[in-house]
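> Under the UniProt record's numbering, the first residue of the sequence shown is numbered 1, with each subsequent residue one higher.
Please see the structure below; I have some questions.
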Amino acid sequence: MVVYKTDGEKIYYPADPPPYIDGIRINSPHYLTKITLTSPGTHTFTLVVSQYEKQNTIHYTLRVYSACKFTFSKIPTPYAVSKRMNGQWKGHSAGGCGNFRDTCKNNPIYQFQMDKTGPLLLELRGPRQYSVGLEVVTVSSIGDPGSLGFQKKNSGDYRCGFCYLEIENISPGTYNIIPSTFLPQQEGPFFLDFNTAIPLKISQLQ
């Protein structure tokens, strides 16, 4: 079990943010984690139950004991709609990141339309030996997006095999998504997952 101090937010990367308590992975039917609170007030933590490697389906029971009152629940998700697009980087379309200006424009491009303001979670899964990243570009907006408007957003540092981009509220409009590997000519398949609160219209432009 790994404990994060993140105000109860979901964790996508094991080391970002760094764990508050990083449990040792052991082959044991029983595991104990102790959180010692040294300051007064309300504390919110995220508890992650994990295997060292994803190998088997394991059924488990969690028990929490405390000397003071607490609440304990699964983190709710605002995403009611999920859609997966299967793609690949191959030959001409394995363009690499924006550092490679001559080839990055050849990466696959997907376009989606938002009819209402709502949350958006994008997840990209590719070969584990490649560092992958995502970029979202605004094509057009419906009405004035105000403070929600942006020209580009990205998933941050390129990461091995998986990255995500979560936008708490994205305004109605048309957007392009560009999944890429860090280096050009890194060929392989990928999955691009869209998670929203409302249905999306998604198409592949190239």
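Backbone N, C-alpha and C fix where the C-beta goes; we use that ideal spot for every residue, glycine too.
In this text, all values refer to a predicted model and were calculated from it rather than measured experimentally.
(1) Note down, one range per segment and in chain order, each alpha helix (DSSP H) of at least 4 residues found wholly within the UniProt domain "Peptidase C2 calpain" (79-203).
(2) In the structure shown, what three-state DSSP assignment does L62 receive?
(3) Let me confirm a value: R63 is counted as buried when at least 16 other C-beta atoms fall within 10 Å, else exposed. Which label applies?
(4) Leaving aside the five residues before and after Q129 along the sequence, list all residues of the same chain whose C-beta is less than 8 angstroms from its C-beta, in chain order.
(5) Is it buried or exposed for N107, if we count other Cβ within 10 angstroms and need 16 for buried?
(6) Does the contact criterion of 3 or more C-beta pairs under 8 angstroms hold for the region 91-101 versus the region 162-173?
(7) Mind checking which residues open and close the beta strand (DSSP E) that includes T46?
(8) Provide the residue span of the beta strand (DSSP E) that contains Y4, from first to last.
(9) For I75, does the three-state DSSP call read helix, strand or coil?
(10) If you compare alpha carbons, which of L192, K201, Q206, S203 is closest to R84?
(11) In three-state terms, what does DSSP make of Y13?
Judging by the given coordinates:
(1) If we require 4 residues or more, the UniProt domain "Peptidase C2 calpain" (79-203) turns out to have no alpha helix (DSSP H) run fully inside it.
(2) Note: L62 maps to coil in three-state DSSP.
(3) Classification of R63: exposed, given that the 10 Å Cβ count is below 16.
(4) These residues qualify, in order along the chain: C160, G161.
(5) Classification of N107: buried, given that the 10 Å Cβ count is 16 or more.
(6) Contact fails: fewer than three Cβ-Cβ distances are below 8 angstroms.
(7) Segment 46-48, the beta strand (DSSP E) holding T46.
(8) Run containing Y4: 2-4, per the beta strand (DSSP E) assignment.
(9) The answer is coil: DSSP assigns I75 none of H, G, I, E or B.
(10) If you compare the alpha carbons of L192, K201, Q206, S203 with that of R84, the shortest gap goes to L192.
(11) Three-state result, Y13: strand.
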